[in-house]
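Read the structure below first, then the notes.
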Amino acid sequence: MELKVHDLVRIHSSADLECVSTVPEWVHLALKRAPWVVVRRSPVSNGRIPVGVRGIGRKQRFAAFLPIRFVNEVVTPVQLAIQARWREYSLKADSQVFSQLEEIADYYNQAGICWGPTGSIGFELASGADTIHPGSDIDLAIYLPQQVEWETVTGWNTFNQRCSVKVDALLETPAGACSLSELARQEKSTVLLRTTNGPALVKCPWTI
46 MELKVHDLVR
56 IHSSADLECV
66 STVPEWVHLA
76 LKRAPWVVVR
86 RSPVSNGRIP
96 VGVRGIGRKQ
106 RFAAFLPIRF
116 VNEVVTPVQL
126 AIQARWREYS
136 LKADSQVFSQ
146 LEEIADYYNQ
156 AGICWGPTGS
166 IGFELASGAD
176 TIHPGSDIDL
186 AIYLPQQVEW
196 ETVTGWNTFN
206 QRCSVKVDAL
216 LETPAGACSL
226 SELARQEKST
236 VLLRTTNGPA
246 LVKCPWTI
């Protein structure tokens, strides 16, 4: 089973997790509410998947490991983009976020790009648990196995900046991931690349 960063994994309970630190009480409560974890950007070791637990707010994040045998279901960001379940959320108080995601989907689908929602919006779409609010950002992963022109990147960034909701997009390459907006600003300089072995400053996010 190949799992990638941003993939959402359904488990039974917090008892499935292997932890290197004391588990806060909120972790147990969060997993009772929505038994889903997200794959972290870290190496898989001895059949143990690096995962993170989401709580309420940015301060409630907990890193752990999940033995592969406890994986019940996997949903990828690309699958979430294809399913387009946000269209069912038109009457919610935070519907502006989902309406903006529909515009984003139209743009990137027409461009033939492999992409998907991540972060809080991806978590809600996968788990069904209320996670986002009217002030939430839209987190995206854009999967680029091949290098694209800098002008293409700046075009995507311009579209994102014009959105009514803040968009935080990561370009996922075979070497790691970098911020789309940072790359758009740094045509001839270095960018921060997030890799499974830690951050690195690179000139090209497709190579290290």
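Take 46 as the starting number for the sequence shown in the working numbering and just add one per residue.
Ideal Cβ positions, reconstructed from N, Cα and C, are used throughout, including at glycine.
Residue of the options minimising C-alpha distance to residue i
| i | options | result |
| --- | --- | --- |
| threonine 218 | Val212, Ile253, Asp184, Pro80 | Ile253 |
| isoleucine 56 | Pro112, Phe107, Arg103, Arg86 | Pro112 |
| glutamate 147 | Trp81, Val120, Ile127 | Ile127 |
| phenylalanine 143 | Tyr153, Arg132, Asp151 | Arg132 |
| glutamate 118 | Trp81, Arg230, Glu196 | Trp81 |
| valine 54 | Gln145, Glu63, Phe115 | Phe115 |
| cysteine 159 | Ile187, Ser226, Pro95 | Ile187 |
| serine 226 | Ser90, Thr163, Trp201 | Trp201 |
| cysteine 249 | Pro190, Asn91, Gly164 | Pro190 |
| valine 65 | Arg86, Val96, Val123 | Val96 |
| tyrosine 152 | Arg85, Phe204, Ser90, Pro88 | Phe204 |
| valine 212 | Thr241, Val120, Ala150, Thr197 | Ala150 |
| threonine 163 | Trp195, Ala109, Leu216, Val198 | Leu216 |
Buried versus exposed call for residue i [16 or more other C-beta atoms within 10 Å across all chains shown]
| i | result |
| --- | --- |
| cysteine 223 | buried |
| isoleucine 101 | exposed |
| alanine 156 | exposed |
| valine 83 | buried |
| glycine 243 | exposed |
| serine 59 | buried |
| histidine 51 | buried |
| glycine 221 | buried |
| alanine 174 | exposed |
Simplified DSSP assignment, three categories, for residue i
| i | result |
| --- | --- |
| threonine 163 | strand |
| glutamate 47 | coil |
| leucine 111 | strand |
| aspartate 182 | coil |
| tryptophan 251 | coil |
| serine 172 | helix |
| valine 193 | coil |
| glycine 200 | helix |
| arginine 106 | strand |
| alanine 222 | strand |
| arginine 239 | strand |
CB contact check: residue i to chain B, cutoff 8 Å
| i | result |
| --- | --- |
| leucine 146 | Structure shown: chain B not included; a single protein chain is present. |
Item to check | Cβ contact check for the region 204 to 212 and the region 175 to 183: 3 or more pairs under 8 Å | outcome: The region 204 to 212 makes contact with the region 175 to 183: 3 or more CB pairs, one atom from each, lie closer than 8 Å.
Checklist entry - Are the region 98 to 116 and the region 70 to 88 touching by the rule of at least three beta carbon pairs closer than 8 Å? => result Verdict: yes, contact present.
Next on the checklist: For the structure I just gave you, are there three or more beta carbon pairs, one from the region 161 to 172 and one from the region 224 to 243, closer than 8 Å?
Outcome noted: Cβ pair count under 8 Å is below three, so no.
Checklist entry - Taking only runs of the alpha helix (DSSP H) that begin and end inside the region 53 to 100, which ones reach a length of at least 4 residues, in chain order? => result Within the region 53 to 100, the runs of alpha helix (DSSP H) that reach at least 4 residues and sit entirely inside it are, in chain order, 70 to 78.
Item to check | Residue ranges of each alpha helix (DSSP H) within the region 122 to 155, 4 or longer | outcome: Fully enclosed alpha helix (DSSP H) runs of 4 or longer: 122 to 128, 140 to 155.
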